Every structure is written in structure tokens, then in C-alpha cells.
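Numbering (my numbering), first residue to last: 1 to 230.
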């Protein structure tokens, strides 16, 4: 078990500062996500990302009649990670975040965020969830929605996407959801989104009650590129 009471007590005292940073946080000019060597499925663009976020949420599943879980989307909150990208701990911060998040009596996500190196006062960027596919009208598509946080009131500050590439998580792929490259379908927030450094989120390999639902906690980083909102 992770020993965290002192860290959480300090974070609770500072939680009111969560939204105190203005603008877009810190520069990402020198940041580039690291993807596994020897593959060409996930390749970061040459330009720096517009946003880098740390997400806390759940991957959601439904038990099929075949006795396996099928994806029913995800629901997460995304915090600005821009000021943490320059810290030496950023490469592994998702593991620390996940350890806190999955404690039996874990405190709220804002309190957890304030315990992480470089995240003190990090503002909420927005939410990540799934919506009906806007092209086909059937199935579900991932959406990143910053209309109620980073770009509050801007109805165009979202991106609905379609997965164009994925690779298994390099570490513990049976526990950690895959890394993704998601292409733009609709919205002005971004042109491309990468999910990487995932921890958790995978369901058990089988289930017995068709129609039963399951939520599995996960933490991941998201890098958003392009887009026209500012």
C-alpha cells in the first residue's frame, strides 16, 4: 500500500489553487511524447503538442452473450500537464497517480493531482467521454470536450475522433489499455490525439452475466495536436 496521508493532507490545503494558473499553463515547445521504438503506428508530429493532459477515469464495458467484455466507451477528467512535462518525474507520473487513484479510500482527483510533481495548481482542461458516431449515427466515438473548462463557453472546443492506429501497452498489456492515435472527425479543439503511458483500464478476460456492466479505473496521458481554438 502506498503511504500517502501526509501528501494528501498537504494537497487538501492547496486544492483551492487548482484553477489559479491562467492561460494554457507552461510552454510545450520542447516536449515530445515518447513512443516505443521499432514501430510506425504511433509517430508524433514534428511540431509540439497544443495540450498535454493527465486523465483520470474509467474504461467502461458490457458483458456480451459470448462471455467476454466489450467496450462501452470511457469517462475521464483531463488535467493540464504542461508544467509537469519538464520535471524528471513526468515519465512515470502516471504510475504514481494510478497508485493514489486506486487506493481503497482514495481522495478526490483534484487532491491527487496536487500531490503529483509539477501539478500543483494544475487546472482542469476538460472531459473525455464517448458519443454516438456523428458520421454513421451508430456505434460510439471518443470525444475530448474542453467547452466547460479550459475554453468555457466555446462550443467548438471539442474533438470527436476515430482511432487510426493502436499498439498494445508496452508494459502489462493485459492490465493496461492500448496506446492510441486518434484522427479528427469533428470539432475545432485538435486535429489528432495520442493516448499513451496508460495504466489500468483492462477488464477481466471473461464474464458470466450477459448485459452486466463494469467500470475499470485507468490513468493515461493525452497529447493533442493542431486545432483552431485558442
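Even glycine gets a Cβ: it sits at the ideal position worked out from N, Cα and C. On a predicted model such as this, the values are computed, not experimentally measured, just so you know.
Are the CB atoms of residue i and residue j nearer to each other than 8 Å?
i, j, result
"residue 45", "residue 225", "yes"
"residue 219", "residue 202", "no"
"residue 98", "residue 199", "yes"
"residue 118", "residue 83", "yes"
"residue 167", "residue 28", "no"
"residue 208", "residue 67", "yes"
"residue 124", "residue 96", "no"
"residue 130", "residue 142", "yes"
"residue 122", "residue 80", "yes"
Here's the rule: buried if 16 or more other CB atoms are within 10 angstroms of the residue's CB, otherwise exposed. What is residue i?
i, result
"residue 228", "exposed"
"residue 164", "exposed"
"residue 132", "exposed"
"residue 210", "exposed"
"residue 169", "buried"
"residue 89", "exposed"
"residue 274", "A query on residue 274 cannot be resolved here, the shown segment of the chain reaching from 1 to 230 and no further."
"residue 134", "exposed"
"residue 103", "exposed"
"residue 212", "exposed"
Residue range of the alpha helix (DSSP H) that residue i falls in?
i, result
"residue 96", "93 to 101"
Bridge partners for residue i per DSSP, in chain order?
i, result
"residue 160", "143, 186"
"residue 44", "DSSP output for residue 44 lists no bridge partner at all."
"residue 214", "61"
"residue 55", "78, 220"
"residue 112", "None; residue 112 has no bridge partner."
How far does the beta strand (DSSP E) with residue i in it reach, from first residue to last?
i, result
"residue 193", "192 to 200"
Would the C-beta of residue i count as close to the ligand GDP, meaning under 7 Å from any of its heavy atoms?
i, result
"residue 183", "The ligand GDP is not part of the structure shown, which contains no ligands of any sort."
Legend entry - Three or more C-beta pairs below 8 Å linking the region 182 to 198 and the region 156 to 174: yes
Inset, instruction - Spell out a yes or no on whether the region 73 to 84 and the region 40 to 60 are touching, meaning 3 or more CB-CB pairs, one atom from each, closer than 8 Å. - result: yes
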